[in-house]
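S.K.: Remember, the working numbering sits 95 above the position in the sequence shown when you count from 1. Just so you know, even glycine gets a beta-carbon here, dropped at the ideal spot from N, CA and C. Keep in mind that this is a model prediction, so the values were computed, not measured.
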Amino acid sequence: MHSVFDLRDGVSDAQFRDAWERLTADLIARGLLVSASGLLARRSDTPLDTDDGRGLRYLTVMSFQDRAQSEAAWDEIAGLHPPALGLHRRVLGMVAEPVFSCWEDLDAVP
């Protein structure tokens, strides 16, 4: 899952990184996530970047073993289960204009 966003005014990269690492470490420890990227900063000043439609500055990536694991993670958060819910709310409270997209490895699709 790719998440593209800006940080809310007053939120530092370090504050977001801390919250992100706590959330993803919890999900990994409970078998609800395989891995997660750190906080990635967009570099729009290169010809490699052609996304003129969005000015969002940050990206994170979550990797799941399969669809069942991703849905289990969603169920945990949507079901209002602590601690994932509180950790997730903290991360979401730090971002502005988020765009979430979910991708699947074609080799994993039957």
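Do Arg-185 and Leu-118 have their beta-carbon atoms positioned less than 9 Å apart in this structure?
M.R.: It is a contact, given that the beta carbons lie within the stated cut-off.
S.K.: Can you tell me which residues form a DSSP beta bridge with Val-44?
M.R.: Since the first residue of the chain shown is 96 and the last is 205, residue 44 is not available in this structure.
S.K.: Determine contact between the region 151 to 170 and the region 132 to 140, defined as no fewer than three beta-carbon pairs at a distance below 8 Å.
M.R.: Touching, per the Cβ criterion.
S.K.: For Ser-158 and Ser-130, which I take to be in contact (beta-carbon distance under 8 Å), what is that distance rounded to the nearest angstrom?
M.R.: So it is a contact: roughly 5 Å between Cβ atoms.
S.K.: Report yes if the CB atom of Val-99 is closer than 9 Å to the CB atom of Val-194, and no otherwise.
M.R.: Their beta carbons are under 9 Å apart, which means Val-99 touches Val-194 by this criterion.
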